[in-house]
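Worksheet: one structure, shown below.
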Amino acid sequence: NFGVISKMLTDWLYPMGGVKRRLETRWKAPVKPGDTITPTAVLTARKVTGKSRFATLDVAVRNQRGELVAAGEALVEFPHQL
């Protein structure tokens with residue numbers, strides 16, 4: 819689950835020069851062999867500083883039955899261009 823969330827975030831962040839700063843997850847249910855899992859993220863907060871732009875995201879992983887198997891929060895950064 820953690821790897822699937824990390825891949826989702828880096829696939830979105832890296833092309834735009836962003837980086838993952840923090841990822842915290844809680845496991846809600848086991849993932850069984852043969853399950854198909856899908857990660858999602860929802861933007862919950864933004865903050866702009868003199869050097870960067872930060873975003874907080876609620877992240878989740880659901881199985882093919884729509885059951886929540888992991889949930890957490892990520893902090894990402896988009897540095898300002900020099």
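Quick note: the numbering used here has the sequence shown finishing at residue 900, numbered continuously throughout. Ideal placement from N, C-alpha and C gives every residue a C-beta, glycine not left out.
Next item on the list: Assuming residue 854 contacts residue 881 (C-beta within less than 8 angstroms), just tell me the rounded distance between them.
Entry: Position 36 of the sequence shown holds residue 854. Position 63 of the sequence shown holds residue 881. Contact holds; Cβ gap of about 7 angstroms.
Notebook entry, point to check: Is the stretch 843-850 touching the stretch 877-897 in the sense that three or more CB pairs, one from each, lie closer than 8 angstroms?
Noted result: yes
Checklist line | Residue ranges of each beta strand (DSSP E) within the stretch 855-880, 3 or longer | finding: 856-866 and 870-880
Checklist line | Cβ-Cβ distance between residue 837 and residue 894 below 8 angstroms | finding: Taking the sequence shown and counting its residues from 1, one reaches residue 837 at position 19. Taking the sequence shown and counting its residues from 1, one reaches residue 894 at position 76. Yes, Cβ-Cβ distance for residue 837 and residue 894 is below 8 angstroms.
Notebook entry, point to check: Taking just the CA atoms, how far does residue 879 sit from residue 820?
Noted result: As a working mapping, residue 820 is identified with position 2 in the sequence shown. As a working mapping, residue 879 is identified with position 61 in the sequence shown. For residue 820 and residue 879, the distance between alpha carbons rounds to 9 angstroms.
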